[in-house]
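Student: In the numbering used here, the protein residues as written are 196 to 351. The beta carbon of each residue, even a glycine, is placed where N, CA and C say it ideally should be.
1) Would you mind giving the Cβ-Cβ distance between residue 326 and residue 276, rounded to the nearest angstrom? I have them listed as a contact below 8 Å.
2) Check whether the region 292 to 305 and the region 212 to 220 are in contact - that is, three or more C-beta pairs closer than 8 Å.
3) In this structure, how does DSSP classify residue 352 when only helix, strand and coil are distinguished?
4) What is the residue span of the alpha helix (DSSP H) that residue 318 lies within?
5) Which value, in whole angstroms, describes the spacing of the CA atoms of residue 348 and residue 340?
6) Give the single residue among 283, 213 and 254 whose Cα lies nearest to the Cα of residue 299.
7) Do residue 204 and residue 288 have their C-beta atoms within less than 8 Å of each other?
8) Under 8 Å by Cβ, that's how I've got residue 182 and residue 208 pegged, so tell me the actual separation to the nearest angstrom.
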């Protein structure tokens with residue numbers, strides 16, 4: 196497989212609809228989770244789910260809708276400022292998202308899951324740091340574009 200033949204993570208996952216299934220499965224779990232539900236009093240809105248699905252679709256190599264229409268990095272950063280996320284909440288977020296990938300029927304191959312978990316770990320650790328009261332994250336940055344890392348998809 197040449198570099199030109201390597202699909203984006205979002206394409207491998209099944210496209211934007213698959214990412215939306217992931218986000219819905221994740222927030223369905225969050226709403227029932229005592230440790231995470233408090234971030235969303237009254238539940239997770241359709242608008243929030245839509246916006247987060249757009250973020251994840253873009254991060255995983257899809258269209259730049261979040262950057263072009265929804266405020267990009269600065270808006271995502273603003274949503275996490277001063278939340279005071281704890282280490283336990285960060286870990287629960289990451290493990291809940293991993294379980295939601297199973298719920299949503301995303302590919303289970305180790306290469307895809309390693310890339311997905313790589314972003315989960317990277318992103319949740321940044322969110323943890325940026326959520327601390329008094330933190331001073333960079334005011335602007337591009338939305339990350341996550342790739343396969345060291346293990347591209349295996350195609351026999």
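Tutor: From the atom records:
1) Indeed they touch by this definition, with Cβ atoms about 7 Å apart.
2) Contact holds: three or more Cβ-Cβ distances are below 8 Å.
3) No answer is possible for residue 352: the residues shown for the chain start at 196 and end at 351.
4) Element bounds for residue 318: 305 to 325.
5) Rounded to whole angstroms, residue 348 to residue 340 spans 17 Å at the Cα level.
6) Nearest option by C-alpha distance: 213.
7) Cβ distance not < 8 Å, so residue 204 and residue 288 don't count as in contact.
8) Nothing can be reported for residue 182: it is not among the residues displayed for the chain, which extend from 196 to 351.
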